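Just below is one structure, and these are the notes that go with it.
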Amino acid sequence: MLRMTALLLVLCLLCGCGAKNPQPQSPEPTASPAVTPMTETLPESELLSDRDRDPAYSAEGAVEIKLQGNSAACASDAVEIRGTTVTILDEGTYILSGKLDDGQIIVAAGDTDKTQIVLSGAEIASAKSAALYIRSADKVFVTLAEGSENSLKNGGSFAAQDESNIDGALFSESDLTVNGTGSLTVSSPAGHGVVCKDDLVLAQGRLRITAAAHAIDANDSVTLSEANLTLTAGKDGIHAENAEDTALGNVYLLGGEAKISAAGDGISAGGSMQISGGSFAITSGGGSGNAAVTADEDASAKGLKSAGNLQISGGSFAIDAADDGVHANQSISMTGASFDISTGDDGFHADERLDIGGGKITIRESYEGLEGLHIAITGGEISLTATDDGLNAAGGNDGSGMGGMRPGGDKFGGRGGMGGGPGGMGGMGGMGTSASSGSITISGGRLDIIASGDGIDANGTLSITGGYTTVTGPTRGDTATLDYDLSAVITGGTFIGTGASGMAQTFSSSENQGVIAVSVGQQRENTTITVTDSAGKTVVSHTPAMSFAVVILSTPEIRSGESYTVTVGELNGEIAAS
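Every number in my numbering is 1235 more than the matching position in the sequence shown, counting from 1.
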């Protein structure tokens, strides 16, 4: 171990040794904005009725429809049969079984009628339209009988029918609920799988859907409760959108399971999205390895996407996406859930606020880990790896930069010099001159960042009042462990950061605890950093997984003005915390 006198340069504080060049005056620090309340969460009782949950039916009194290949048979006056077209005209319960080679089941009930269609070993194919077409009713319940296997297929084209633009193997103009414990296979090689022009509830059942377009498409809403879905889609796996009313087109994920492989988005809401449970495995756009820019700039291949707000309170997600893993054009609020994400773009992106108060997020691959105009972390466990910024306070429509090289931004702004030389330890100095309205606040939780770009890029203000944060990297000379325009204040919690020295910044101020910020020459990955107090007690011990030239430390155990021994590999020296 080298003694203090053997160091090439004496350790010094950020401001204690002073930068060689005078630094520009920075704007006064601005407070982070208050959290804007998101849309009120709808209770499950408003999204699911008792009948949605109850697949029960009585065979006694129900109408039986026998499908017989090229014909069908039924004794009820409520059913009209013309060749292979079976039309249900009234409310009640109808049990379908058998096979229809090329035909159609149509529901044409009254506007106040609630009709239950029980599929009990039914195979229905239509060469040029929907196998099951719900033309009119107040609401239709498609019940999958216990132990039954059923299928609905389109043959590869859709001909004009009525005034509806039928483009799904199961097509409903009315509210539609799927329940029961049986299974349903839907095939649509020329269009969507299941289409609902109103509210769609997937309460129960096992559904396997393959479609050239969206696997599931609804106008007003999609609610998933206890169903088990396997979706393969040429566009989105689940898509809800109402072009006439942006308050609609909502998605509610309450439970169930889904395995989704989609060329487009895994789950997309043109309105808002609310998640409280369920288990989901989503691959979108071919996965994170397929993130190359295409000629279609409008293409979207996100895991979860909401045009409005996105609220997450539970559930488990494994997402492999060519585009963002989780995206909202407005704000995201996460209070509990588990995410395992690999993405070619951002792990989480919100145009406005990104608030994380609980749950677990593991981002294995990303361009930027967490991005939002305002990022607030109050709890949870977050581990992320990014090829650019770990946290980026930048708003707008997916405001990812160009590999960290934004013309006119702080990457080219003036910063103070870095003390020290090869093998030595020296002070850090300087603040940037550009300004932004972005903010990052960390008040709780555990956050582990590995970034090749900036570790934390505030583009405005950074405030740390609690939690445990580590930043490993970057190693490039045009990046920094901390990057901010206005201020970076730490008043609580633990921060341990390492990275490159060329553009380095440290905290602009601290309260209640001290900061140690030093340059340490070029150190290899897995070189241990240890800080001990005057009594020899270890205050911090950390081993970064990437090479580094800068160390920034602050914990409640580090007091401003007190001296500490800093050991980095074979180097050690004494420094007074700022």
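We put the beta carbon where it would ideally sit given N, CA and C, even for glycine.
Just so you know, these numbers come straight off a predicted model, no measurement behind them.
Test item: CB-CB of residue i and residue j under 8 Å
i, j, result
"A1365", "G1403", "yes"
"V1801", "I1810", "yes"
"I1369", "Y1329", "no"
"S1795", "S1745", "yes"
"N1400", "S1361", "no"
"V1706", "G1688", "no"
"S1392", "A1425", "yes"
"S1568", "S1511", "no"
"I1793", "Q1758", "no"
"G1513", "G1491", "yes"
"L1435", "L1419", "no"
"T1676", "A1611", "yes"
"V1755", "V1724", "no"
"A1313", "L1331", "no"
"F1730", "S1813", "no"
"S1674", "A1629", "no"
"L1489", "T1458", "yes"
"T1320", "N1305", "no"
"L1335", "A1307", "yes"
"S1743", "S1722", "yes"
Same chain, Cβ closer than 8 Å to residue i, neighbours up to 5 away in sequence not counted
i, result
"T1271", "Residue placement at T1271 is flagged as unreliable, the pLDDT there being 43, under the threshold of 50; a coordinate-derived value is accordingly withheld."
"A1621", "G1582, I1598, S1601, Y1602, E1603, G1604, I1684, I1685, A1686, S1687 and G1688"
"S1280", "none"
Presumed contact (8 Å Cβ cut-off) between residue i and residue j, rounded CB distance
i, j, result
"V1342", "V1298", "About 12 Å separates the two Cβ atoms, so there is no contact after all."
"G1708", "G1679", "That pair is no contact at about 23 Å."
"T1445", "G1428", "7 Å"
"G1333", "L1302", "3 Å"
"K1432", "S1407", "7 Å"
"S1507", "N1485", "5 Å"
"A1216", "G1472", "The structure shown does not extend to residue 1216, since the chain is modelled only from 1236 to 1813, so the question has no answer here."
"R1681", "I1617", "7 Å"
"T1378", "P1290", "5 Å"
"G1737", "G1690", "About 14 Å separates the two Cβ atoms, so there is no contact after all."
Cut-off 6 Å between Cβ atoms - residues of its own chain near residue i, not counting five sequence neighbours on either side
i, result
"G1593", "T1570, G1571, G1614 and G1615"
"S1798", "E1809 and A1811"
"S1496", "T1467 and T1518"
"G1579", "S1523, A1526 and A1557"
"F1515", "A1493 and F1552"
"K1349", "E1326, D1373 and K1374"
"F1574", "F1552 and I1596"
"S1383", "S1355, G1356 and G1417"
"G1728", "I1699, G1701 and G1702"
"D1287", "T1412, V1436 and A1438"
"I1828", "Residue numbering for the chain in the displayed model covers 1236 to 1813; residue 1828 lies beyond these limits and cannot be assessed."
"A1542", "G1505 and N1564"
"D1410", "K1374, D1433 and D1434"
"T1322", "E1315, I1341 and A1343"
According to DSSP, residues forming a beta bridge with residue i
i, result
"R1443", "T1420 and T1465"
"V1786", "T1733 and V1753"
"T1458", "V1436 and Y1487"
"I1576", "I1554 and I1598"
"L1379", "L1354 and G1415"
"D1581", "E1603"
"H1427", "G1403"
"I1369", "V1342 and S1407"
"D1623", "BP columns for D1623 are empty, so no partner."
"V1774", "BP columns for V1774 are empty, so no partner."
"Q1565", "According to DSSP, which records beta bridges pairwise, Q1565 is partnered with nothing at all."
"Y1799", "I1810"
"L1331", "I1300 and L1354"
"R1588", "H1609"
"I1473", "I1451 and I1502"
"S1743", "DSSP, once it has assigned bridges, lists no residue as partnering S1743."
"S1671", "DSSP lists no partner for S1671."
"A1628", "G1607"
Beta-carbon contacts of residue i that lie in its chain and below 7 Å, excluding the five residues immediately before and after
i, result
"A1380", "V1353, L1354, S1355, G1415 and G1417"
"G1469", "A1446, A1447, A1448 and A1498"
"A1482", "G1506"
"S1782", "T1710, Q1757, Q1758, R1759 and E1760"
"Q1396", "S1364"
Only counting runs of 4 or more residues, tell me where the alpha helix (DSSP H) segments fall wholly within the region 1674-1704, in order along the chain. none
Pick out the complete alpha helix (DSSP H) segments inside the region 1490-1549, 4 residues or longer, and give them in chain order. none
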